[in-house]
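Working notes, structure below.
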Amino acid sequence: MRILMKFKNYFRKENGFTLVELILASSISLSTIMMGYFVLRNIIEGNKIDEIQFGLNSQVNDALDFIIDEVESGERIIDKESDIRSLNNNCSFPSDSEFIFGIKLPNQALAKSDYIKGGDQFNLSQIDCPIVYSLKQSTNQENGPYELIRYGPQFNEKGFYLSPSFNDFQNSTILENISSKENYQKIKCNNSWKSLKTMRGLSYCIDNFNKAIEIQIKVEDNKNKIANNPNTSLLSSGGFSRVQDSSQISLIPPPSLSSGNAPNCIGGECCWLGVCLKSRKITFMLDISENMDDNFEHRNGEIIKGRWTQSSPEFLRPRINGKGLITYAISSLKDHLNRLPTSESDQVYFQIIAFNNTTQKYPDSSPIKLSNSTRLAAFEFLDNLTTEGFSKPWDGLCSALVNESTEQVILVSSSVPSNSEGTCAGRSASSSNDYAEIIEEYNRDSRSLNNQGSLIIDTVSYFHNFCDSNKNYLNDNWMGRISMGDESQCTYIK
């Protein structure tokens, strides 16, 4: 019995744990588990913060890459809001947003078929208006205060723009959560560049030729805060337009090849539809009869061995760089006016005469000095023109003939004028031949003897070749007849 008690006491004292030991062991185990939990929690939270920060940085980087891609494929950067409408008064951007900058696009191929195989010819479409980037206040309370908006042409999965028309331009949100604050460390512009511009959480600077840009964006993510503070990202990127334009090819215009009195445009001579200016006093004449309408169907064919040969289809709607005749003529004239100089040392005087069976002029009397205001007024005049009626150029042409303020006329048409009785330089006429004869004789016997010299009459024959009677189905060369004077020429564009 005594032996049994000793055994029990031995087992209890030597092989068991006291209550204190058990409590202490439990405390150590619990502390170890808690420490492991907090370490694991911190690792998970750290990974989550890194993941959120990485995602935020990726969003900003994606937006910057997209913008720089468009800059590199664009022709130039537009940093003045007023310049958005310089080529087209219809160009705009959402009125509830703040302008940042725009990108002028070169002519575009809208499909793979626009590239002609085995040659260097392209069917390119002129984009009506530039792309505009702007800041808009966010309507989503969960996002940051501002959104970066792109307004411009949309594109398909192959990267081709869907439509060049400003009527099809749409809004796209490029980046959300743009900061409303400007108190961040900003990029430094190159000393030879324009000064830094800052709009809220976006800053940028461009070079003096509007070809290169460096842009910086700050975003604040209020949905995923860190220590009750918004998660932020501040990144920048830069790029340079890869598209050559007239300002990039030649910054110093070469001497004019045609006349010492001709103005100089950026990149060289000032030319419209292949006809270069030979004077600083110029009148542009534009046919707005129904034959110039974008949807007018012209007879389709060609002259083979001196005879007209019908082609298939019998009729078609001509296109130049993807645009109809009148649309291309107006847009190219706007571009031409935009390139003409406006300085006091290089003054240009111009007039626009639009004709069908009536005549419209800007300005009404004589050529006016080209300036920013008169150029915009001319754009508005062009935008209000409509195509209708028949072609009758003689009133406008004869008024320019006797006007001493006009030294050169560039006339564009795609049809043959209707015979109509009238007067030209004080003489009666009833046919194209009559008017051409009067113009030739008045130039020779009157204008050539005066200080202003003979009137230069350059003509541009659209689609059908009316420069030569043997090159069109009507056997008519009325444009070639009126362009027979010194320095005058007739140009055919198909």
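Numbering follows my numbering, with no gaps: position 93 of the sequence shown is 1229. Quick reminder that beta carbons are idealized off the backbone N, C-alpha and C, glycines included. Bear in mind the structure is a predicted one, so any value in this text is a computation, not a measurement.
Practice prompt. Please report the residue range of the alpha helix (DSSP H) in which Asp-1519 lies.
Written response: 1508-1519 is the span of the alpha helix (DSSP H), which, as asked, contains Asp-1519.
Worksheet item: Going straight from the alpha carbon of Ile-1342 to that of Ser-1328, what length do you get?
Response: If I take the Cα positions, the gap works out to 10 Å.
Worksheet entry | Where Gln-1290 falls: helix, strand or coil (DSSP) | DSSP places Gln-1290 in coil when its eight states are reduced to three.
Discussion item. Tell me whether the stretch 1225-1245 and the stretch 1432-1440 touch, counting them as touching only if at least three CB pairs, one residue from each stretch, are closer than 8 Å.
Written reply: A contact between stretches requires three or more CB pairs, one per stretch, nearer than 8 Å, and the stretch 1225-1245 fails this requirement with the stretch 1432-1440.
Worksheet item: Among the residues of its own chain, which have a CB less than 7 Å from the CB of Ser-1605, if the five just before and after it don't count?
Response: Once the five neighbours on either side are set aside, the close Cβ partners of Ser-1605 are Asn-1611, Asp-1612 and Asn-1613.
Discussion item. Mapping the DSSP letters down to three states, classify Ile-1323 as helix, strand or coil.
Written reply: Note: Ile-1323 maps to coil in three-state DSSP.
Worksheet item: Does at least one heavy atom of the ligand COA sit under 7 Å from the Cβ of Asn-1303?
Response: With respect to small molecules bound, the structure shown includes none, and the ligand COA cannot be examined in it.
Practice prompt. Mind checking which residues open and close the beta strand (DSSP E) that includes Ile-1220?
Written response: Element bounds for Ile-1220: n/a, residue is neither H nor E.
Worksheet item: Would the beta-carbon of Lys-1272 fall within 8 Å of that of Asp-1232?
Response: Yes, the pair counts as a contact, with Cβ atoms nearer than the cut-off.
Practice prompt. State the Cα-Cα distance for the pair Phe-1302 and Pro-1289, rounded to the nearest angstrom.
Written response: Phe-1302 and Pro-1289 have their C-alpha atoms roughly 7 Å apart.
Discussion item. Just to confirm before moving on: does the CB-CB distance between Gln-1352 and Ile-1314 stay below 8 Å?
Written reply: The answer is no: Cβ separation not under 8 Å.
Worksheet item: Are the Cβ atoms of Ile-1285 and Ile-1310 separated by less than 8 Å?
Response: Ile-1310 is positioned such that its CB atom lies closer than 8 Å to that of Ile-1285.
Worksheet item: In this structure, does DSSP put Thr-1471 in helix, strand or coil?
Response: The sequence shown places Asp at residue 1471, not Thr. In the three-state reduction of the DSSP assignment, Asp-1471 falls in the helix class.
Practice prompt. Could you spell out where the beta strand (DSSP E) holding Arg-1435 opens and where it closes?
Written response: Taken as a continuous stretch (DSSP letters only), the beta strand (DSSP E) holding Arg-1435 covers 1434-1440.
Item to complete: Indicate whether Ile-1629 and Tyr-1598 have their beta-carbon atoms separated by less than 8 Å.
Response: Yes.
Discussion item. Whole angstroms are fine: how far does the CA of Ser-1448 sit from the CA of Met-1615?
Written reply: Met-1615 and Ser-1448: Cα-Cα distance of roughly 27 Å.
Discussion item. In whole angstroms, give me the CA-to-CA distance for Trp-1444 and Ile-1488.
Written reply: Distance between the alpha carbons of Trp-1444 and Ile-1488: 34 Å.
Item to complete: For Asn-1197, collect the residues of the same chain with a Cβ closer than 7 Å to its Cβ; drop the 5 residues on either side in sequence, then sort them by chain order.
Response: Short of 7 Å from the beta carbon of Asn-1197, and not among the five residues preceding or following it, lie these beta carbons of its own chain, in chain order: Leu-1371.
Item to complete: Would you tell me roughly how many angstroms separate the C-alpha atoms of Asp-1357 and Ser-1331, rounded to the nearest one?
Response: Spanning the two alpha carbons is a distance of roughly 29 Å.
Practice prompt. Kindly provide the ranges of any beta strand (DSSP E) runs that are 3 or more residues long and lie completely inside the stretch 1547-1611, ordered along the chain.
Written response: Qualifying beta strand (DSSP E) stretches, in chain order: 1558-1560, 1563-1565 and 1592-1598.
Item to complete: Identify whether Arg-1617 lies in helix, strand or coil by the three-state DSSP scheme.
Response: The three-state reading of DSSP puts Arg-1617 in helix, counting H, G and I together.
Practice prompt. Using only alpha-carbon positions, find the residue among Leu-1452, Ala-1514, Ser-1481 and Pro-1454 that is nearest to His-1472.
Written response: Answer by Cα proximity: Ala-1514.
Discussion item. Please identify the residue among Leu-1533, Asp-1219, Asn-1474 and Val-1548 whose C-alpha is closest to the C-alpha of Cys-1560.
Written reply: Residue Leu-1533 holds the alpha-carbon nearest to the alpha-carbon of Cys-1560 among Leu-1533, Asp-1219, Asn-1474 and Val-1548.
Discussion item. Under 8 Å, with one C-beta from each stretch per pair, do the stretch 1202-1211 and the stretch 1417-1425 reach the 3-pair mark?
Written reply: At 8 Å Cβ cutoff, the stretches do not touch.
Practice prompt. Would you be able to state if there are at least three C-beta pairs under 8 Å between the stretch 1551-1558 and the stretch 1495-1513?
Written response: At 8 Å Cβ cutoff, the stretches do not touch.
Worksheet item: Roughly how many angstroms separate the alpha carbons of Ser-1395 and Tyr-1269, rounded to a whole number?
Response: With a pLDDT of 48 at Ser-1395, under the threshold of 50, the predicted position of this residue should be treated as unreliable, and no value is reported.
Item to complete: Compute the Euclidean distance between the alpha carbons of Ser-1584 and Gly-1458, then round it to the nearest angstrom.
Response: Approximately 41 Å between the Cα atoms of the pair.
Practice prompt. Decide if Ile-1592 is buried, meaning its Cβ has at least 16 other Cβ atoms within 10 Å, or exposed.
Written response: Under a 10 Å Cβ-count criterion, Ile-1592 is classified as buried, with 16 or more other Cβ atoms of the shown protein chains found around its own Cβ.
Fill in: Burial state of Ala-1398 (16 or more Cβ within 10 Å)
By the Cβ-count criterion, Ala-1398 is buried, with 16 or more other Cβ atoms from all chains shown falling within 10 Å of its own Cβ.
Fill in: Asn-1193 to Pro-1366 span [Cα, whole Å]
Between the alpha carbons of Asn-1193 and Pro-1366 lies a gap of roughly 14 Å.
Discussion item. For Cys-1401, tell me which candidate among Asn-1474, Gln-1446, Leu-1461 and Arg-1455 has the shortest Cα-Cα distance.
Written reply: Distance from the Cα of Cys-1401 is smallest, within the candidate group Asn-1474, Gln-1446, Leu-1461 and Arg-1455, for Asn-1474.
Discussion item. Here's the rule I'm using: 16 or more other beta-carbon atoms within 10 Å means buried, otherwise exposed. How should Lys-1216 be labelled?
Written reply: For Lys-1216, the number of other beta carbons within 10 angstroms of its own is below 16, and it is reported as exposed.
Worksheet item: By DSSP, does Pro-1390 sit in helix, in strand, or in coil?
Response: Reliability of the predicted coordinates at Pro-1390 is poor, the pLDDT of 44 falling under 50, and the value obtained from them is presented with this limitation in mind. Reduced to three states, the DSSP call for Pro-1390 is coil.
Worksheet item: Are the CB atoms of Ser-1467 and Leu-1409 nearer to each other than 8 Å?
Response: At the C-beta level, Ser-1467 and Leu-1409 stay beyond 8 Å of one another.
Practice prompt. Would you kindly work out how many angstroms separate the C-alpha atoms of Glu-1650 and Tyr-1340, rounded to a whole number?
Written response: Outside the shown range of the chain (1137 to 1630) lies residue 1650, about which nothing can therefore be said.
Fill in: Through-space distance from Phe-1451 to Pro-1529, alpha-carbon basis
Roughly 25 Å separates the two Cα atoms.
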